[in-house]
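> Here's a structure for you.
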């Protein structure tokens, strides 16, 4: 069994208005050291394989085909 | 003239769209997303507005993989006319039939109100009844209407007259409700047979309901 943890977030350079709103909220709570906030989503997928190489290839295909919209989003995959 | 209207779980503008086109004299058929085919006599295929699959993952992302979408892609690639309204526009960008993507509105709010739009290019069947520079009053109702495209993609849109409609004030000056690149509200593909817009022309068919400017837009397709 392999678990894939996928983080999808807007690409650098694509305005993240949710991140901006959270930044404003943190600012109004006096967390003054915050310089930037990005909001993304996490998708956790369990796969019936122990082969990390094939698991990674399969999850990358999932990200490209549906989990991320690569016009505006980047993804990072972690396998455990 | 036959209009086929797609219905996904969560679509909610299919009957408005049907009412609008039937009022113009077209015959219509609503097709459930599980269908593998679309009617052979279809002259225009409309991907109606709503919240297909509850907007889960991203707006339009899951609808794109519905069984009917294979037939839609084939129909579009063979030159068939396709119109995506609101969620339908999102589905068409996710399916790669139109360029760009629709992001969350910059203000993060769902926006539901009448908005004026400026006609940018009428050299296509959708807007041929209007003149460039005309201003129309059409309702918008969306949470993810913030059109994004990278700078190369934007250049292509302008080079091929693919920018159809922009958000404006009543005088035609750009006015941007949601953060869209260059206030873009509607585009088409290079071949000018696939159209997408966030505003709802099918909700602007009777002046007693606020505007009948949608009539001139949808009428363009009646010559099919």
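Protein chains in written order, with our numbering: chain G, 2 to 81; chain H, 9 to 232. Idealized CB from N, CA, C, for every residue including glycine.
Spatial neighbours of residue 235/H within its chain, please: C-beta separation below 8 Å, excluding the five flanking residues on both sides.
Residue 235/H is absent from the structure shown; chain H starts at 9 and stops at 232.
> Could you tell me the distance, in whole angstroms, from the CA atom of residue 215/H to the CA atom of residue 40/G?
Residue numbering aside, residue 215/H sits at position 207 when the second chain is read from its first letter. Residue numbering aside, residue 40/G sits at position 39 when the first chain is read from its first letter. If you take the alpha carbons of residue 215/H and residue 40/G, they lie about 42 Å apart.
> Give me the DSSP bridge partner(s) of residue 176/H.
Taking the first residue of the second chain as 1, we reach residue 176/H at position 168. Bridge partners of residue 176/H: 124/H, 182/H.
> Between the Cα of residue 28/H and those of 16/H, 54/H, 43/H, spot the shortest distance and give me the residue it belongs to.
What you label residue 28/H is simply residue 20 of the second chain in a count that begins at 1. Taking only the C-alpha atoms, the option nearest residue 28/H is 54/H.
> Report buried or exposed for residue 41/H, applying the criterion of at least 16 other Cβ atoms within 10 angstroms of its Cβ.
Locating residue 41/H in the second chain gives position 33, where the first residue counts as 1. Counting Cβ neighbours within 10 Å, residue 41/H comes out buried, since at least 16 surround it.
> Is the closest heavy atom of the ligand FMN to the C-beta of residue 123/H under 7 Å?
The ligand FMN is not part of the structure shown, which contains no ligands of any sort.
> If we define contact as Cβ-Cβ less than 8 Å, is residue 240/H a contact residue for chain G?
Only positions 9 to 232 of chain H appear in this structure, which leaves residue 240/H out of reach.
> Give the straight-line distance between the Cα atoms of residue 62/H and residue 18/H, rounded to the nearest whole angstrom.
Against the second chain, residue 62/H aligns to sequence position 54. Against the second chain, residue 18/H aligns to sequence position 10. Rounded to whole angstroms, residue 62/H to residue 18/H spans 6 Å at the Cα level.
> What residues of chain G sit near residue 66/H, judged by a beta carbon separation below 7 Å?
Walking along the second chain from the start, residue 66/H turns up at place 58. Here the neighbours are 70.
> Terminal residues of the continuous alpha helix (DSSP H) containing residue 159/H?
The sequence position of residue 159/H within the second chain is 151, counting from 1. Residues 159-167.
> Give the interface partners of residue 19/G over in chain H, defined as CB-CB distance under 9 Å, in chain order.
Locating residue 19/G in the first chain gives position 18, where the first residue counts as 1. Residues of chain H passing the Cβ test: 112, 116.
> In chain order, what residues of the same chain lie with their CB nearer than 6 Å to the CB of residue 49/H, ignoring the 5 residues before and after it?
Residue mapping note: residue 49/H aligns to position 41 of the second chain, counting from 1. Counting only Cβ-Cβ distances below 6 Å, and skipping sequence neighbours, we find 10.
> Which residues of chain G have a Cβ atom closer than 8 Å to the Cβ of residue 69/H, listed in chain order?
Locating residue 69/H in the second chain gives position 61, where the first residue counts as 1. In chain order: 67, 70.
> Quick one: residues in its chain with C-beta nearer than 6 Å to the C-beta of residue 152/H, no 5 flanking neighbours on either side, listed in chain order?
If you number the second chain from 1, residue 152/H lands on position 144. If we look at residue 152/H and ignore the five residues flanking it on each side, its Cβ neighbours are 67, 110, 112.
> Just to make sure I have the definition right: I need the residues of chain G whose C-beta is within less than 7 Å of the C-beta of residue 194/H. Which are they?
If you number the second chain from 1, residue 194/H lands on position 186. Residues of chain G passing the Cβ test: none, with the nearest at roughly 18 Å.
> Determine the extent of the alpha helix (DSSP H) in which residue 62/G is found, giving its start and end residues.
The residue given as residue 62/G occupies position 61 in the first chain. 53-63 is the extent of the alpha helix (DSSP H) around residue 62/G.
> Roughly how far, in whole angstroms, is the beta-carbon of residue 34/H from the beta-carbon of residue 165/H, given that I think they are within contact range, below 8 Å?
Mapped onto the second chain, residue 34/H falls at position 26. Mapped onto the second chain, residue 165/H falls at position 157. About 29 Å; that fails the 8 Å criterion.
> At what residues does the alpha helix (DSSP H) containing residue 193/H begin and finish?
As a working mapping, residue 193/H is identified with position 185 in the second chain. Looking at the DSSP string, residue 193/H is not in any alpha helix (DSSP H); the run it does join, the beta strand (DSSP E), is 192-196.
> Output yes or no for whether 8 Å exceeds the beta carbon distance between residue 204/H and residue 101/H.
Sequence index remark: in the second chain, residue 204/H carries index 196 (1-based). Sequence index remark: in the second chain, residue 101/H carries index 93 (1-based). A contact, by the Cβ cut-off of 8 Å.
> Quick check on residue 75/G: does DSSP put it in helix, strand or coil?
To locate residue 75/G, count along the first chain from 1; it is residue 74. DSSP places residue 75/G in strand when its eight states are reduced to three.
> Looking at residue 15/G and residue 42/G, is the spacing between their C-beta atoms short of 8 Å?
What you label residue 42/G is simply residue 41 of the first chain in a count that begins at 1. What you label residue 15/G is simply residue 14 of the first chain in a count that begins at 1. Cβ atoms of residue 42/G and residue 15/G: not closer than 8 Å.
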